[in-house]
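So the sequence lines, in the order shown, correspond to chains G and R.
Oh and the first sequence: position 89 is 89 in the working numbering, straight run, nothing missing.
Oh and the second sequence: position 69 is 69 in the working numbering, straight run, nothing missing.
Using N, Cα and C, we set each Cβ at its ideal position, and we do this for glycine too.
Here the structure is a predicted model, which means the values were calculated and not measured.
As structure tokens, the structure follows; a few thoughts come after it.
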Amino acid sequence: GENVEQHPSTLSVQEGDSAVIKCTYSDSASNYFPWYKQELGKGPQLIIDIRSNVGEKKDQRIAVTLNKTAKHFSLHITETQPEDSAVYFCAASISQSARQLTFGSGTQLTVLP
Amino acid sequence: SQTIHQWPATLVQPVGSPLSLECTVEGTSNPNLYWYRQAAGRGLQLLFYSVGIGQISSEVPQNLSASRPQDRQFILSSKKLLLSDSGFYLCAWTPIGTEDSPLHFGNGTRLTVT
Chain G
1 GENVEQHPST LSVQEGDSAV IKCTYSDSAS NYFPWYKQEL GKGPQLIIDI RSNVGEKKDQ
61 RIAVTLNKTA KHFSLHITET QPEDSAVYFC AASISQSARQ LTFGSGTQLT VLP
Chain R
1 SQTIHQWPAT LVQPVGSPLS LECTVEGTSN PNLYWYRQAA GRGLQLLFYS VGIGQISSEV
61 PQNLSASRPQ DRQFILSSKK LLLSDSGFYL CAWTPIGTED SPLHFGNGTR LTVT
């Protein structure tokens, strides 16, 4: 089955700096890669996703890049703000079915004021 | 708009006691429903999913069971809790017939088995 590894497990950045979280996956058939943000005391929420037919997707300060050859994808957050502090999860799937998502272990991002 | 409710938010139970966690969804009909467990330092693991009343699929063998007695109600249960059942349990839903819709999670239940 699919295996998703996520790094780093914790990340601290100064407010205004950029943050990068990386994930690798094992199944070359995977073609859907969502990112979820989990704030303290809440459930995860989808923030951005990418499909294998594109290499990059951007939404304001958030971007995701995908390298299918190397089987890795990354989340980039620019101009970080304190409200970006949360746990971020990557996931991979051979389809967009929620039942087939394999999640990474999460990254605790802390934005220092 | 649709909302999902989970309760309780936190729970401390002794080993060997029973468990019942409840999840309800409002504002939609016939949702696909999911139970996930989030262990410390690990990702989200899908435990059960349901596409309709009484239809439950288990993803991993475990000490837990799930039931869907009503369209928008999903219950996670155990007859006898183990220490290893401790964790953060999340309920989620997706709209019926749209397998590619993102998951909508509840706020979770923190279960500590002592």
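Per-residue DSSP class, three states only, for residue 27 (chain G) = In the structure shown, residue 27 (chain G) sits in coil (DSSP, three-state: anything other than H, G, I, E or B).
inquiry  = Pairs of beta-carbons, one from the segment 80 to 93 of chain R and one from the segment 29 to 37 of chain R, closer than 8 Å: are there three or more?
reply    = With a cut-off of 8 Å on Cβ pairs, the segment 80 to 93 of chain R is in contact with the segment 29 to 37 of chain R, counting three or more such pairs.
key: CB of residue 110 (chain G) within 8 Å of CB of residue 18 (chain G), strictly   = With contacts defined by Cβ atoms closer than 8 Å, residue 110 (chain G) and residue 18 (chain G) do not form a contacting pair.
Contacting residues, own chain, Cβ-Cβ under 8 Å from residue 138 (chain R) (five flanking each side not counted) = Given a span of 1 to 114 for chain R in the structure shown, any question on residue 138 (chain R) remains unanswerable.
key: is_contact[residue 102 (chain R), chain G] using C-beta, thresh 8 Å   = Closer than 8 Å: yes.
ask   = Is it right to say residue 82 (chain G) is buried, meaning 16 or more other beta carbons lie within 10 angstroms of its own, or is it exposed?
value = Result: exposed.
query = Which residues in the same chain have their Cβ closer than 6 Å to the Cβ of residue 103 (chain G), if we skip the five residues on either side of it in sequence?
reply = Result list for residue 103 (chain G): 89, 91, in chain order.
request  = Kindly indicate the opening and closing residues of the beta strand (DSSP E) around residue 26 (chain R).
outcome  = Where residue 26 (chain R) is concerned, the enclosing beta strand (DSSP E) stretches over 19 to 26.
ask   = Just checking, does the segment 9 to 16 of chain G make contact with the segment 63 to 75 of chain G on the three C-beta pairs under 8 Å criterion?
value = Result no; under three Cβ-Cβ pairs closer than 8 Å.
inquiry  = Buried or exposed for residue 84 (chain G), going by 16 or more other Cβ atoms inside 10 Å?
reply    = Residue 84 (chain G) counts as buried, since no fewer than 16 other beta carbons sit within 10 angstroms of its beta carbon.
key: DSSP three-state assignment for residue 98 (chain G), whether helix, strand or coil   = Helix, per DSSP.
Rounded C-alpha distance that separates residue 1 (chain G) from residue 96 (chain G) = Going from the Cα of residue 1 (chain G) to the Cα of residue 96 (chain G) covers about 16 Å.
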